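In our numbering, the protein residues as written are 76 to 356. Below is one structure; the comments refer to it alone.
Dropping the structure here:
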């Protein structure tokens, strides 16, 4: 899936993948900022808990977003492909200023919603300025190419990861989540060996990438983003590697970006966060 064409007199909305296990109770920095970029006190947020197997997931996020100041928050529990045809739910989705996918199983998301009016509507909404984000599985589904599953490990190997179509809000990135916690550098590198066009975003837990309409990514949260830029790739042995063999990659640029850092997808430049202010004794 490719991103929808930006509508006239609009700019694309924010895209917000979250690495999973985001803080929800004490200081929900990421979810609070999601509300802000979705319209603040006027935000109308639709929660889509399709990836989750827990019955209370949607209601929990409804409560959180309301407590964080959103005007409204409503969960639409699409459980079957037939649900994705419901006119009343599609009408509610069309009024959203922010859409948030919960965690769970990304293949459950893609098999239930892929190719449906819901997926098409979400691409169209983002193209006219609506914020779309998600956590864990809900982050993986946002890009054109989605990592469906794969093994951990630091070394890229042929066959380490399997891809599936995502919702296609952006084709600039490939997203992986729970990144440091589950040792996923190798599988992200193996995916990028197939597709050197995209930038790899490895999201630690409780960490988010806020991809702005100006093609600049802003980092927020408690962890880091491992950003892999393969624009300067000089060599990849992927075409000749047998399943399970290590892949040789040269000319890769890697950034570790923490809260306050930025990355420009047009210039391919990373900017570190400002240093903390000096403490006065």
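Virtual Cβ for every residue (Gly too), placed ideally from N, Cα, C. Here the structure is a predicted model, which is why all the values come from computation and not from measurement.
Looking at residue 274 and residue 303, is the spacing between their C-beta atoms short of 8 Å?
For residue 303 and residue 274, yes; Cβs fall inside 8 Å.
State the start and end residues of the unbroken alpha helix (DSSP H) segment that holds residue 196.
Start and end: 192-202.
Residue 282 and residue 306 - do their beta-carbons sit closer together than 8 Å?
No.
With a threshold of 7 Å on Cβ separation, who are the neighbours of residue 99 within its own chain once the five nearest residues in sequence on each side are excluded?
Residues of the same chain with a CB within less than 7 Å of the CB of residue 99, apart from the 5 flanking positions on each side, are 106 and 139 in chain order.
Could you tell me whether the region 209-219 touches the region 183-192, where touching means 3 or more Cβ pairs closer than 8 Å?
The answer is yes - the region 183-192 touches the region 209-219, with three or more Cβ pairs under 8 Å.
Minimum C-alpha distance to residue 130 - residue among 165, 251, 177 and 284
It is 177.
Only counting the same chain, and skipping five residues up and downstream in sequence, which positions put a Cβ closer than 6 Å to that of residue 256?
Counting only residues of its own chain and dropping the five nearest sequence neighbours on each side, residue 256 has a CB closer than 6 Å to the CB of 280.
With distances taken Cα to Cα, identify the nearest neighbour of residue 392 among 336, 146, 295 and 92.
Outside the modelled stretch of the chain, which goes from 76 to 356, sits residue 392, for which no answer is possible.
So, with DSSP's three-state summary, where would you put residue 312?
Coil at residue 312, not helix or strand.
State buried or exposed for residue 232, treating a residue as buried only when at least 16 other CB atoms are found within 10 Å of its CB.
Buried, because 16 or more other Cβ atoms sit within 10 Å of the Cβ of residue 232.
Neighbourhood of residue 154 by C-beta distance below 8 Å, restricted to the same chain and skipping five residues each side
Within the same chain, residue 154 has close Cβ partners 125 and 187.
Should residue 252 be labelled buried (16 or more other beta-carbon atoms within 10 Å of its own) or exposed?
When all chains shown are included, residue 252 counts as buried.
With a threshold of 6 Å on Cβ separation, who are the neighbours of residue 311 within its own chain once the five nearest residues in sequence on each side are excluded?
268 and 324.
Name the two residues that bound the continuous alpha helix (DSSP H) containing residue 268.
For residue 268, the enclosing alpha helix (DSSP H) starts and ends at 260-269.
Using beta-carbon positions only, say whether residue 172 and residue 87 come within less than 8 Å of one another.
No, these two residues do not count as a Cβ contact at 8 Å.
How long is the line joining the alpha carbons of residue 265 and residue 345, rounded to whole angstroms?
Each residue's alpha carbon lies about 22 Å from the other.
CA nearest to the CA of residue 351, picked from 338, 94 and 333:
Considering only alpha carbons, the answer is 333.
What are the start and end residues of each continuous alpha helix (DSSP H) run of 4 or more residues lying completely inside the region 94-159, in chain order?
The region 94-159 contains these whole alpha helix (DSSP H) runs: 104-112 and 132-142.
Work out the CA separation of residue 193 and residue 158 for me, nearest whole Å.
So the two alpha carbons sit approximately 9 Å from each other.
Have a look at residue 209 and residue 339 and give me their C-alpha separation to the nearest angstrom.
If you draw a straight line from the Cα of residue 209 to the Cα of residue 339, it comes to about 21 Å.
Using only the alpha-carbon positions, how far apart do residue 301 and residue 117 sit?
Approximately 33 Å between the Cα atoms of the pair.
What is the residue span of the beta strand (DSSP E) that residue 283 lies within?
First-last of the beta strand (DSSP E) with residue 283: 282-286.
Pick from 295, 204, 272 and 166 that is closest to residue 84, judged by C-alpha positions:
Comparing Cα-Cα distances from residue 84 to each of 295, 204, 272 and 166, the minimum goes to 204.
Any idea what DSSP makes of residue 279, helix, strand or coil?
Note: residue 279 maps to coil in three-state DSSP.
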